[in-house]
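Structure first, then comments.
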Amino acid sequence: MRANFPVRLGPAEDALIAQLKAAGADAAAERITVAGLPTRRVESYHYTDLKTLLRAIPPLATAANEASAPALRIPGAYNLMIANGAIQNAATAPAGVIVGKAEGGVLTTRDDMLVHINGALAKEALTLTLENSVDPVIQVERRIEGEAAHVADALKIFVADDASATIVETFSGSDAAHVGNHATYLSVGKNAVVTHITIDLSARAVSHFATNEYQLADGAKLRTLVIHAGAGLARTQVFPRMAGAEAHADLTGLNLVADGQHADITMEALHAVPHTSSQPLFKSIVRGRAKAVVQGKLVVARDAQKTDAKFMHQGLMLSDEAEILSKPELEIYADDVVCGHGSTCGMIDEDSLFYLMSRGVPRAEAETMLVRGFIAELFDPIEDDELNEALQGIVDGWLMGAK
Amino acid sequence: MTTPVLEIRNLHARIDEREILKGVNLIIPPGEVHAIMGRNGSGKSTLSYVLAGKEDYEITEGEILLNGENILELEPDERAAAGLFLAFQYPIEIPGVATMTFLKAALNAQRKARGEAELTTPDFMRAVKEAGAQLNIGNDMLKRPLNVGFSGGEKKRAEIMQMALLKPSLAVLDETDSGLDIDALQVVSKGVNALRDGQRSMLVITHYQRLLNHIVPDVVHVFSDGKIVESGDKDLALKLEAKGYASYGGEAA
Numbered sequence: 017m018r019a020n021f022p023v024r025l026g027p028a029e030d031a032l033i034a035q036l037k038a039a040g041a042d043a044a045a046e047r048i049t050v051a052g053l054p055t056r057r058v059e060s061y062h063y064t065d066l067k068t069l070l071r072a073i074p075p076l077a078t079a080a081n082e083a084s085a086p087a088l089r090i091p092g093a094y095n096l097m098i099a100n101g102a103i104q105n106a107a108t109a110p111a112g113v114i115v116g117k118a119e120g121g122v123l124t125t126r127d128d129m130l131v132h133i134n135g136a137l138a139k140e141a142l143t144l145t146l147e148n149s150v151d152p153v154i155q156v157e158r159r160i161e162g163e164a165a166h167v168a169d170a171l172k173i174f175v176a177d178d179a180s181a182t183i184v185e186t187f188s189g190s191d192a193a194h195v196g197n198h199a200t201y202l203s204v205g206k207n208a209v210v211t212h213i214t215i216d217l218s219a220r221a222v223s224h225f226a227t228n229e230y231q232l233a234d235g236a237k238l239r240t241l242v243i244h245a246g247a248g249l250a251r252t253q254v255f256p257r258m259a260g261a262e263a264h265a266d267l268t269g270l271n272l273v274a275d276g277q278h279a280d281i282t283m284e285a286l287h288a289v290p291h292t293s294s295q296p297l298f299k300s301i302v303r304g305r306a307k308a309v310v311q312g313k314l315v316v317a318r319d320a321q322k323t324d325a326k327f328m329h330q331g332l333m334l335s336d337e338a339e340i341l342s343k344p345e346l347e348i349y350a351d352d353v354v355c356g357h358g359s360t361c362g363m364i365d366e367d368s369l370f371y372l373m374s375r376g377v378p379r380a381e382a383e384t385m386l387v388r389g390f391i392a393e394l395f396d397p398i399e400d401d402e403l404n405e406a407l408q409g410i411v412d413g414w415l416m417g418a419k
Numbered sequence: 023m024t025t026p027v028l029e030i031r032n033l034h035a036r037i038d039e040r041e042i043l044k045g046v047n048l049i050i051p052p053g054e055v056h057a058i059m060g061r062n063g064s065g066k067s068t069l070s071y072v073l074a075g076k077e078d079y080e081i082t083e084g085e086i087l088l089n090g091e092n093i094l095e096l097e098p099d100e101r102a103a104a105g106l107f108l109a110f111q112y113p114i115e116i117p118g119v120a121t122m123t124f125l126k127a128a129l130n131a132q133r134k135a136r137g138e139a140e141l142t143t144p145d146f147m148r149a150v151k152e153a154g155a156q157l158n159i160g161n162d163m164l165k166r167p168l169n170v171g172f173s174g175g176e177k178k179r180a181e182i183m184q185m186a187l188l189k190p191s192l193a194v195l196d197e198t199d200s201g202l203d204i205d206a207l208q209v210v211s212k213g214v215n216a217l218r219d220g221q222r223s224m225l226v227i228t229h230y231q232r233l234l235n236h237i238v239p240d241v242v243h244v245f246s247d248g249k250i251v252e253s254g255d256k257d258l259a260l261k262l263e264a265k266g267y268a269s270y271g272g273e274a275a
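For the protein sequence lines, the chains are A and B, in the order given.
For the first sequence, the numbering used here begins at 17 and goes up steadily by one.
For the second sequence, the numbering used here begins at 23 and goes up steadily by one.
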């Protein structure tokens, strides 16, 4: 059935529709046929107009023949890989980690094009069940190798009650113009303590999309960190659901963008029950003519009294052409909550720079110190030293590219 | 005659079209402590910023010689490496930068600029400990982000500790007494006096004579309307305290 007011479809949409139809996902294909890719008129894509930004969809990925070097080495980490959508599991899992496979479609259905496409195209999901606390960092490398390819992959993680774990996902691969659509579903058990870090280190030609959905049980403590430091176009969607009393989430993220890049972190945190809290804190650093977007929505359900949530986005512009867009939203149905949002944006503080230089620190080094200082709040809570150092290395590498 | 540590010749500076320094002349020989006193808005703090190389000011005339070298074309960090230190009236809070990290970066950057080897970590720790002990600065303060959450007294003590660590040939102290209670003033003054070694020179900028009871100057200059209008020995400060600045003309800020 064609819509009454047909949308003019571009080559990216035509390719997508064909791929979805071939996968038997007629509903998803129909959705795109009717509405096209989301434009700025779709509120949640207001600053990331996919119809304009996503000009082509490459063919669906075939198995990878070669692999590029690991994008990030975390000494002592337990490694798993999903390459071109296929799960590779070579290392022996640490005690209490059960590795398996499941059907794709790990995300809860919602009105979002990226979620629909992932659900339709991700054939299998890597599953990790953590039965108890896991000491080594668990690193899941998600790669797209070879010729330009469209990849939809999925990861589903269950962390048992009272367990603790640190999970890092890295996104990387060859230099071709890939489109990645990655999904992660993470369930945090009662009183479990989990850190989940996703880092985009893809090549500039890549369009990187990721959706991270979280479910928090009673007393669960979650810390998330999204880092965009690679793809030319990146959007990570963060959808946590505080579903148990005393659940708390520190939701953090960092957009590092330079000339021509566009990075978007879109968060929608749902406080579903009484007595939950969240602390979303995002930072964007932009140099050259580039764009960083952070959208943060706090949703408080009608009976989720005593919710305590504060969203913050801070931007640092290192050039006159830098663009930082911030959209905080509150949607509160309960009447006894403490919720807030804030957003700031500025350049490097001249007085701080002068102070550091007056003590002998050269300008470039002083600027680096100030940028690191700006980010410190995000990295300081990451207690694993090797991991912390690896993250710092990403920022240093990015800063060095600036000179 | 030995080369003065600081020589300022007919210095004129402006900010946004407004002339603030109107012909400053000053010579500080090695080892001497000079005080500059003047009312608010007379240009004292501007002089300290111009010496340290703050970008906001335009130098329209004159020269600043540090140990005989003109430093006007130098960046602030190069001036620091050449031996200049400015203790700020309001030290800047820098979140996310640990005090210790900053001290090491500053010290090693200066050593590098002078062609000296970087300090090893144990040597650096020892130097910081020594400098800190005199000023009651312990490890907990050094671990905190630079100046963040420091009390007024802690900030000033931290400034003097940096000065002790960086060993400048010229220290400029801009209103170091402001915001200090009498106990803190004594600790800070003791720290400053410990750095008087017959070679190092100091320029102490202050409103009040009070500080000069603790840091006794060799020469006192009166600053009014952008220049030095009178110079004398330490008794000049007492005279000023009694009579005020009114006789020097200009308007109270």
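Virtual Cβ for every residue (Gly too), placed ideally from N, Cα, C.
Only a predicted model underlies this, so the values are computations on that prediction, with no experimental measurement involved.
### Query
Going along the chain, which residues of its own chain have a beta-carbon closer than 6 angstroms to the beta-carbon of G120(A), five neighbours each way excluded?
A138, K139, E140, A141, A170
### Task
Just mark Y349(A) as buried or exposed, buried being the case when its beta carbon has 16 or more other beta carbons within 10 Å.
Exposed is the call here.
### Query
When every heavy atom of the ligand MN is checked, does at least one fall within less than 7 angstroms of the C-beta of V210(A)?
What this structure holds is no ligand at all, so the ligand MN is not there to describe.
### Query
Does P75(A) come within less than 8 angstroms of chain B when only Cβ atoms are used?
no
### Task
Tell me, please, which residues DSSP counts as bridged to I173(A).
Paired residue(s): L144(A), L202(A).
### Message
I'd like the list of long-range same chain contacts for G92(A), defined as Cβ closer than 8 angstroms, with 5 residues on each side in sequence excluded.
### Response
P152, V153, E402
### Query
What residues in the segment 380-391 of chain A bring their beta carbon closer than 8 angstroms to a beta carbon of chain B?
E381, A382, M385, L386, R388, G389, F390, I391
### Message
Between G118(B) and chain A, is the shortest Cβ-Cβ distance under 8 angstroms, so that the two count as touching?
### Response
Put simply, the CB of G118(B) is near chain A, with a gap under 8 angstroms to one of its CB atoms.
### Task
Please report how far the alpha carbon of F255(A) lies from the alpha carbon of T384(A), in whole angstroms.
32 angstroms
### Task
Please name the residues in the segment 128-140 of chain B whose beta-carbon is closer than 8 angstroms to at least one beta-carbon of chain A, in chain order.
A128, L129, A131, Q132, A135
### Message
Does the CB of E393(A) have a neighbour CB from chain B at under 8 angstroms?
### Response
Closer than 8 angstroms to some Cβ of chain B, the Cβ of E393(A) qualifies, so yes.
### Message
With a threshold of 8 angstroms between beta carbons, is R239(A) in contact with chain B?
### Response
no
### Message
Less than 8 angstroms between CB atoms is the rule here; does Y94(A) satisfy it with respect to chain B?
### Response
Residue-level contact by beta carbon fails for Y94(A) and chain B, as no gap is shorter than 8 angstroms.
### Task
Just mark E185(A) as buried or exposed, buried being the case when its beta carbon has 16 or more other beta carbons within 10 Å.
buried
#### Entry: Straight-line gap, T211(A) to M59(B) (C-alpha atoms, nearest Å)
57 angstroms
### Under 7 angstroms by beta carbon: chain B residues contacting S374(A)
A74, P98, A102, L108
### Task
Using beta-carbon positions only, say whether T323(A) and S293(A) come within less than 8 angstroms of one another.
yes
### Message
Under 8 angstroms, with one C-beta from each stretch per pair, do the segment 405-418 of chain A and the segment 40-50 of chain B reach the 3-pair mark?
### Response
no
### Query
Who are the Cβ neighbours of A57(B) in its own chain at under 6 angstroms, not counting the five residues just before and after it?
V226, L234, P239, V242
### Task
With 8 angstroms as the threshold, decide whether the Cβ of S368(A) is near any Cβ in chain B.
For S368(A), the nearest CB of chain B lies under 8 angstroms from its own CB, placing it at the interface with that chain.
### Query
Does the beta-carbon distance from L272(A) to H244(A) come in below 8 angstroms?
yes
### Message
On the DSSP letters alone, give me the boundaries of the alpha helix (DSSP H) that K126(B) sits inside.
### Response
121-135
### Message
So that I know if they touch, is there some Cβ in chain B lying closer than 8 angstroms to that of V377(A)?
### Response
yes
### Query
Any idea what DSSP makes of S374(A), helix, strand or coil?
helix
### Message
Going by DSSP in three states, S70(B) sits in which element: helix, strand or coil?
### Response
helix
### Task
Leaving out five residues on either side along the sequence, give the residues of the same chain with a beta carbon under 6 angstroms from the beta carbon of D216(A).
F187, H224, H244, G246, A247, A250
### Query
Between the C-alpha atoms of R3(B) and T268(A), what's the straight-line distance to the nearest angstrom?
Beyond the ends of chain B as shown, which are 23 and 275, falls residue 3(B); an answer cannot be given.
### Message
Just to make sure I have the definition right: I need the residues of chain B whose C-beta is within less than 8 angstroms of the C-beta of Y371(A). Which are they?
### Response
F110, P113, I114, I116
### Task
Can you tell me the Cβ-Cβ gap for G276(A) and A306(A), rounded? I've got them flagged as a contact below 8 angstroms.
A Cβ-Cβ separation of about 6 angstroms places G276(A) in contact with A306(A) under the 8 angstroms criterion.
### Query
Sorted by chain position, which residues of the same chain lie with C-beta nearer than 6 angstroms to L32(A)'s C-beta, five sequence neighbours on each side aside?
I48, I73
### Message
Tell me whether the segment 43-53 of chain B and the segment 201-213 of chain B touch, counting them as touching only if at least three CB pairs, one residue from each stretch, are closer than 8 angstroms.
### Response
no
### Task
Alpha carbon to alpha carbon, how far is G75(B) from A259(B)? Give it in angstroms, no decimals.
28 angstroms
### Task
For chain A, find out if any of its Cβ atoms is closer than 8 angstroms to the Cβ of L188(B); answer yes or no.
Yes, because at least one Cβ of chain A sits closer than 8 angstroms to the Cβ of L188(B).
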